[in-house]
Amino acid sequence: MKKKKGWKEIPIAGIIDKGGTAREYKTGSWRTFKPVVDKPKCINCLQCWIYCPDSSVLVKDGKMEGFDYDYCKGCGICASICPVKCIKMEKG
Amino acid sequence: MANIKELSKIPERLTPGHRLCSGCGASIAVRQILMGTTSPIVAGAATGCLEVATTIYPYTAWNVPFIHNAFENVAATISGAETAYRALKKKGKITKDIKFVAFGGDGGCYSEDTEIFTENGFRNIKNIKVGEKIWSVNPETNILELQENEKLHKYPYEGRMIRGKSRFIDFLITPNHNVPMWYKGKWEFIKGVDLLKRYKTAFSRKFNWYGDGNDTLWMVIEVPKIPKYRYQKEFSKFDTKKWLKFLGWYITEGCLYKSKSGYLIRIYQSNKDKKEKIYRLLKDLGLSPFKCNRSVDFQSKQIYEYLERECGKGFKNKKIPKWVLSLNKHYLKEIFGSLIEGDGSITKQKNRRSYHIKFITASKELMNNMVELVLKLGKNCSISQRKEDGVYRIGIGFNYLNHKLYSRRRLYGNKQQVFLEDYKGFVYCPQLKKNHTVITKRNGKISLSGNSYDIGLQSMSGAFERGHNFVYVCYNNEAYENTGVQRSSATPKGASTTTAPAGKASYGKPQLRKDLTAIVAAHNIPYVAQGSISHWNDLVTKSQKAFAVEGPAFLNVLSLCHRGWRYPQEDTVKISKLAVETGYWPLIEIEKGIWHFTYKPKERKPVVEFLRTQGRFKHLFKEGNKHVLEEIQRDIDNQWLRLEKLVRATSGGG
Amino acid sequence: MKLTALTGDQAAAEAMRQIEPDVVAAYPITPQTEIVMNFSQFAADGRVKTEMIPVESEHSAMSACVGSAASGARTMTATSANGLALMWEIVYITASLRLPIVMPVVNRALSGPINIHCDHSDTMGARDSGWIQLYSENAEEVYENIIVAVKIAEHKKILLPVMVCQDGFITSHAVEGISTFPDDKVKKFIGEYTLEHSLLDVENPVTYGPLDLQDFYFEHKRQEAEAMKDALKTIPAVLAEFNKTFNKSHDLVEEYKLSDAEVAIVVLSSTAGTAKGVVDELRKKGVKAGLLKPRFFRPFPKERIIKALSNLKAVAVLDRSDSFSGEGGPLFSEVKAALYESQKRPPVIDYIFGLGGRDIFPEDIKKVYKELEEIKKTGRIKALVNYLGVRN
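Below, the structure is given as structure tokens:
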């Protein structure tokens, strides 16, 4: 556990002076089930990417690369909407 | 149109690591909306799930400048930021093109035994349908006219109601009901509870009628021709007044007989004078009558078929043709005269120089027609029904047309006529487009009676009115979800929330949700749309349009919350798709005042398919709540019809 | 230096014109309306390039100011009484976000029953909000206070919003001769406004107004408390610079004939003007009367008050609002608390006066001094909290 900063060390006015610091908080630890993709079956429709509430589907050059397990909360929406059912929810 | 592969190249502006629930609809909505522009964005959010879970100090999931101020003022806050941007841009201190987006959430009747006089006669108020025409009176001119019922309101009510009871008037209404009061020749509205405060309140039982305007003084009735039959005379025209008189006789005393010898029309009458009158009338019309023992008869296939069609055959089926009732008083008087001479009995009142007429008929339709006739003649009546045979008795009076109700006992005998009465049950109110008066009947007495998304709305409305260049997104999870699923004005009818829960005495929220999209459209801002996270292409396109437009834009996005709506988290996208497919959440947009659908399901699925998937509607599937499901389906259907009408009305040039 | 005849509201509008803020979002309320009206006319005539936001309520006014100030624009607004009450939650938020907004507040009684005339219940109600509070005796002070307030608010060591108060109708609607400064001198004095973390700095995104759980809220509030302490230390330097530039003598408090006084009253705002006349009269009669007028109520200038009052024989505090604690008004409580730390503690009594615009006359103030003379002689206090001018 990082030691929390005191009032003399944090910026004034309660502002968070950098963008996207939430990336330091790994919500992947919330999971019970995790999605696993069967790559050969995937048609790269990218629907899993646009419906993921946690931006945890990795996409590069228009191709679905996998999941960001640091943040994936295991909600199962991707498996539910995949048109070719190539995503399975497994324990982990 | 949006290309998903192109969208995937836009850097994520809402990073992962936020602490919204897994499977939350709000973050899907925000992600899709932020893909609507590649320009730099300044975002604001109201206090709620989105803000609280994305900015827990010192972690922020926003990779764009972001401000949160308080619960109900994100629109005002972003107005300030947008104005500062314009001011500094003018000074040359800022050169970039920046887009601003604000994410916000959301925040008198009759008793059931009243009958309403519709174009099809008196019907119980519970059964009044939308679109049905109801007899109403113009409060300024006191003229009878039909008005369409836009909606029937229904609420459970337990408590005190206002009862008005006298010899001629009977009503049972809620205290806040609008009561038309006769004052200086016009109808003015007061509240039901005011009736108790006033010592006496005047009601006029006499209404005006000048016809539909389609009649003239010298009309002739045309009778349709038929192929020549034997040697009988063919008729084409009759003098209107005489014809109407004849119709009155036929309706009350007439019969039709078909035999080998021909088509016979018989008017029964034993009274010698009246028989002579009828004989003369028929002769004048050129009908070749002949007197019999108890009747006056004549033969004509043409007239037989005409009467059968227009006025009915058999004593239970008689009716006054609709076109007759649309004529003005001069003509109506004629048919009224003979109707009364037929089945009416006139008694001279004792001690008064007036008459009281009783009219008897077994035909329900004729009874309704008679009431319409009487009212149009500027008189009034009361109705009773004989228990033994269901025969209707209409009592027509020429007096007491200006009638007063007293709220206290008067010195010489008369009882208190306006008082409180306990009531438990449902109360109803039809909603008319105009006039807001309806003719009601209760206990046989006919009288005229009257007839109806929260805390951040102010700041949003102000920002829209001032025309700031920003996008307001209402991420609509239909309740105050963040603080524990409390009811808001966006909560749909029948949903169970913690402050309007379903229980033994309630089926959840009784009110319909606010149509926020229509309210915003009324601000005449350049772009308003309704979207759903399930139809990402539609939503991203709408977001692109919203960011591109100059001036305020509004997006109402259905953002499911599996915690509050109670469904398995992985079904968030599936259920939002159902919301669109059942018509529960229409995908529409209003561009510069022109409404259109951006997606219409080929055939709307029944809304129960959507309701069934969520725990917040589970109680509606129990016995006793079926009517709520029907109401919800009706509401969705009406809303859909209304949207289609708006689309038609605003298309074609705007 | 130009001599003009202006009311307090017009003086405020004139000061705002010379400051020329980037954004003004205001909602009208009597007796502040003239400030917004006059300033809107300046904007409509092109005399200022300010962007006006005609908001639909005071709550939205302060909210828009927050959005604007956080975007790096110099922002001002104005209000009174119930308008201040309506924006109450945002007033606290503004101070917590350390946004340097300057707001002229025209003091008017808070409703219940509704009254549009002067008393200090509105700004006294906001004394815990974290805003700096300046009270002005007359139209000229209003004008000068607003100009110096901008410098104070934007000072890098302070960064707190400032309320510049004036008495409703008494100062705001009475015409006085005031001397104004040249436009360019004012602009040079207040300088440019730069915000370190702006919402419009899209290259360096910041988040304003995050959620604080139990682990950080206390630290943020401790910072705010420290800021108010720093303000007290820094304000004299800013005032000194103002005095040098414009040849004035502004200070944290104003002492009037206090050096050799035996009895004195402590009072804020316009009543001090009336009292100064009474002091002069009594001095002629040989009474050693004096007057202390605090100009800054927040931060509370404790040291100066102790220094000014501890050598007196009797002190009366005049409060134009009641804090309904049963023990007198807010100024009285704070002066008493300050004197508690002093070695010498003169007897202090309270007079609550002028609520809802009830006039206070020189005769009433003379009565106060008479009472103080009694206390000086006998050393006995008849009543700690008195009500001046109310009918029994």
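Protein chains in written order, with the numbering used here: chain A, 1 to 92; chain B, 1001 to 1654; chain C, 2001 to 2392. Note that the Cβ used here is the ideal one computed from N, Cα and C, for glycine as well.
- In terms of CA proximity to L1405/B, R1198/B leads the group L1620/B, R1198/B, C1474/B.
- Contact check for A1546/B against V1647/B fails: the beta carbons are separated by 8 Å or more.
- Put simply, the CB of A79/A is far from chain C, with every gap to its CB atoms at 8 Å or more.
- DSSP, reduced to helix, strand and coil, places Y2135/C within a strand of the structure shown.
- For D2359/C, no alpha helix (DSSP H) segment is defined, and its DSSP state is neither H nor E.
- Look at C52/A here: in three-state DSSP terms it is coil, with no helix or strand label.
- Against chain B, a Cβ distance below 7 Å from F2218/C picks out nothing, because the smallest value is about 12 Å.
- Within 10 angstroms of the beta-carbon of A1043/B lie 16 or more other beta-carbons, which makes it buried.
- W1323/B counts as exposed, since fewer than 16 other C-beta atoms from the protein chains shown sit within 10 angstroms of its C-beta.
- Contact with chain A is found for D1571/B, since one of that chain's Cβ atoms lies less than 8 Å from the residue's Cβ.
- Proximity to R1409/B across T1118/B, K1200/B, T1141/B, T1037/B peaks at K1200/B, based on C-alpha coordinates.
- Within the model, the alpha-carbon separation for P2294/C versus V2266/C is close to 8 Å.
- Under the 8 Å criterion on CB atoms, T1541/B is classed as non-interfacial with respect to chain A.
- DSSP places V1549/B in the coil class of the three-state scheme, outside both helix and strand.
- For the pair of segments examined, the stretch 2066 to 2084 of chain C was found to touch the stretch 2024 to 2037 of chain C: the number of CB pairs separated by less than 8 Å reaches three.
- Contact of W7/A with chain C by beta-carbon distance below 7 Å involves E2219, R2222, Q2223.
- Between L1195/B and L1172/B, the alpha-carbon positions lie close to 12 Å from each other.
- Scanning chain A for C-beta atoms nearer than 9 Å to the C-beta of W1062/B yields I16, G19, G20, A22, reported in chain order.
- Judged by DSSP in its simplified three-state form, M2001/C adopts coil rather than helix or strand.
- Between H2220/C and V2148/C, the CB-CB gap reaches or exceeds 8 Å.
- The C-alpha of P2104/C lies about 55 Å from the C-alpha of T1582/B.
- The beta-bridge partner set that DSSP reports for E2176/C consists of L2006/C.
- S29/A does not reach chain B, its nearest Cβ partner there being about 11 Å away, counting only Cβ pairs nearer than 9 Å.
- The Cβ of D38/A sits no closer than 8 Å to any Cβ of chain B.
- In this structure, R1616/B sits near G1564/B, with a CB-CB distance shorter than 8 Å.
- Around V2055/C, the beta-carbon contacts reaching into chain B at under 7 Å are A1076, G1462.
- Nearest C-alpha to A2070/C among Q2018/C, G2209/C, G2357/C: G2209/C.
- Taking the beta carbon of Y2208/C as reference, the chain A residues within 7 Å of it are I15, listed in sequence order.
- K73/A sits close to R31/A, with the two beta carbons spaced by under 8 Å.
- Q1511/B is the residue among K1504/B, Y1475/B, T1499/B, Q1511/B whose C-alpha sits nearest the C-alpha of P1492/B.
- If you check each beta-carbon in the stretch 65 to 76 of chain A against every beta-carbon of chain B, the ones closer than 9 Å belong to D68, D70, Y71, C72, K73, G74, C75, G76.
- At a cut-off of 8 Å between beta-carbon atoms, H2155/C makes no contact with chain A.
- Against chain C, the beta carbon of Q1458/B has neighbours under 9 Å at E2056, S2057, H2059, S2060, listed in chain order.
- Distances from the alpha-carbon of F1203/B to those of H1177/B, P1224/B, I1169/B put I1169/B closest.
- Rounded to the nearest angstrom, the gap between the Cα atoms of I2090/C and N1069/B is 8 Å.
- Under DSSP, the beta-bridge partners assigned to C1429/B are H1153/B.
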